[in-house]
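Reviewing the structure listed below.
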Amino acid sequence: MVNVNFFKEFKINKMCKKVKKLKDHTIICGYGRNGAQVARKLIHFGKDIVIIENSPEKINHLIDNNILYVEGDATLDSSLEKANVKYAKNLVSTLSSDVNNLFIVLSARKKNKNLKIISRASEESSKEKFDIAGADNVVMPELVGGGHMSSLIIMPDLMEFLSNLLSEDKPSSMNHLKEINVDNLHPEMIGGTIADINIREKTGCFPIGFKTKEGKYIINPDSNTVLELGSKLILLGKQSEIENLQIKNIL
């Protein structure tokens, strides 16, 4: 029993040290159904995450699966600080209470002005409050779920196609989506056009979308679209073609 407790304490201490070193990570507040889904997807894509949770049962699950966590109440400043919120890149608040999520958004925004904050909300009337508090995106799972189910009736094949496209479990032979921040391109490519970097010929990927630095989305961007700092390029391609982005020195 002593050895088991010692080993558990050792793992916890090791985990705490890792959390303190995190930068550009994602903080997930709550490890319920929605929080677990977010964590699973981010882990699949190799993103650094830390969970804030106070349920002993869920914490044991996190320990057993080597998922970084902070034990505590996510609405408290101290819990956010332990999760290194000052150096985090994203925060996702998935608690069932709109009031608690609102507290988290307010506290997190105060501590990190550049943090991307995504919050769950249960009531449509709460959305404006979250916007004022500093949330970048507000998601209402019940509303999204109902919309998705109705879309499966209205346009089933399109929804199945999109579901397969976004699934992390699909084989590498199927098409994938890749979002590229233009800031991460090789310096000589920044300021050029989509045609200049010749991405289709070099990698096999199709540029299917573009987000301007002003936040405007363009579907099927023109080859003369200029790749400015702060803009993003969305590509479609097989896993091997996505990997060519590194091999062909585009990223």
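Each residue of the sequence shown is one higher than the one before, starting from 1 at the first, in full-length UniProt numbering.
Where is the CB? At the ideal position from N, CA and C, for every residue including glycine.
Model, not experiment: these values are computed from the prediction.
Cutoff 7 Å; reference residue i; Cβ partners in own chain excluding five residues on either side
i: glutamate 123; result: Asp98
i: asparagine 34; result: Thr94, Arg120 and Pro141
i: isoleucine 43; result: Ile49
i: lysine 58; result: Tyr31
i: lysine 127; result: Ala121 and Val138
i: glutamate 201; result: none
Spatially closest choice to residue i from the options, by CA coordinates
i: alanine 39; options: Lys17, Asn65 and Asp196; result: Asn65
i: isoleucine 27; options: Ser96, Lys238 and Ala108; result: Ala108
i: isoleucine 242; options: Glu228, Leu229, Asp222 and Lys178; result: Lys178
i: glycine 46; options: Leu233, His25 and Arg33; result: His25
i: alanine 133; options: Gly147, Leu158, Asp48 and Ile104; result: Ile104
i: asparagine 54; options: Lys41, Asp48 and Ser79; result: Ser79
i: glutamine 246; options: Ile180, Val85 and Tyr31; result: Ile180
i: serine 125; options: Leu152, Met155 and Val139; result: Val139
i: asparagine 114; options: Asp131, Glu128 and Val85; result: Val85
i: serine 231; options: Asn175, Lys11 and Tyr217; result: Tyr217
i: glycine 215; options: Leu233, Asn224 and Lys111; result: Leu233
i: threonine 225; options: Lys248, Asp196, Leu152 and Arg200; result: Asp196
i: glutamate 188; options: Asn249, Lys110, Glu71 and Asn112; result: Asn249
Chain-order list of residues whose beta-carbon lies under 6 Å from that of residue i (same chain, five-residue window excluded)
i: asparagine 244; result: Thr203
i: lysine 116; result: Asn90 and Asp136
i: tyrosine 87; result: Lys23
i: aspartate 30; result: Note on identity: in this sequence residue 30 is glycine, with aspartate being the wrong assignment. Excluding sequence neighbours, glycine 30 sits near Thr94 and Leu95.
i: leucine 106; result: Ala133
Backbone CA spacing between residue i and residue j [nearest angstrom]
i: alanine 74; j: asparagine 13; result: 20 Å
i: isoleucine 194; j: alanine 83; result: 39 Å
i: cysteine 16; j: isoleucine 52; result: 12 Å
i: proline 56; j: asparagine 100; result: 19 Å
i: serine 96; j: glutamine 37; result: 15 Å
i: aspartate 183; j: leucine 229; result: 5 Å
i: glycine 237; j: aspartate 77; result: 42 Å
i: histidine 61; j: glutamate 9; result: 15 Å
i: leucine 158; j: lysine 21; result: 43 Å
i: serine 150; j: threonine 212; result: 31 Å
i: glutamate 81; j: phenylalanine 206; result: 41 Å
i: lysine 41; j: serine 163; result: 14 Å
i: proline 156; j: glycine 145; result: 15 Å
i: glutamate 160; j: leucine 143; result: 19 Å
i: lysine 110; j: serine 223; result: 41 Å
i: phenylalanine 210; j: asparagine 112; result: 27 Å
Presumed contact (8 Å Cβ cut-off) between residue i and residue j, rounded CB distance
i: valine 92; j: isoleucine 118; result: 5 Å
i: isoleucine 208; j: asparagine 220; result: 6 Å
i: leucine 227; j: glycine 192; result: 6 Å
i: phenylalanine 130; j: leucine 102; result: 6 Å
i: lysine 11; j: isoleucine 63; result: 6 Å
Beta-carbon proximity list for residue i, same chain, < 8 Å, skipping 5 on both sides
i: histidine 176; result: Leu165, Lys170, Leu236, Gly237, Lys238, Gln239 and Ile242
i: leucine 251; result: Ile180, Asn184, Leu185, His186 and Leu245
i: isoleucine 190; result: Val182, Asp183, Leu227, Glu228 and Leu229
i: histidine 148; result: Met159
Distance cut-off 7 Å: residue i Cβ against heavy atoms of the ligand FMN
i: glutamate 243; result: Among the ligands in the structure shown, none appear at all, so the ligand FMN cannot be discussed.
What are the complete beta strand (DSSP E) segments, minimum 3 residues, inside the segment 32–67? 49–53
Could you give the uninterrupted runs of the beta strand (DSSP E) lying entirely in the segment 59–142, keeping only those of 3 residues or more? 69–71, 90–93, 116–120 and 137–139
Which complete alpha helix (DSSP H) runs does the segment 142–213 hold, if anything under 4 residues is left out? 156–166, 194–197 and 199–203
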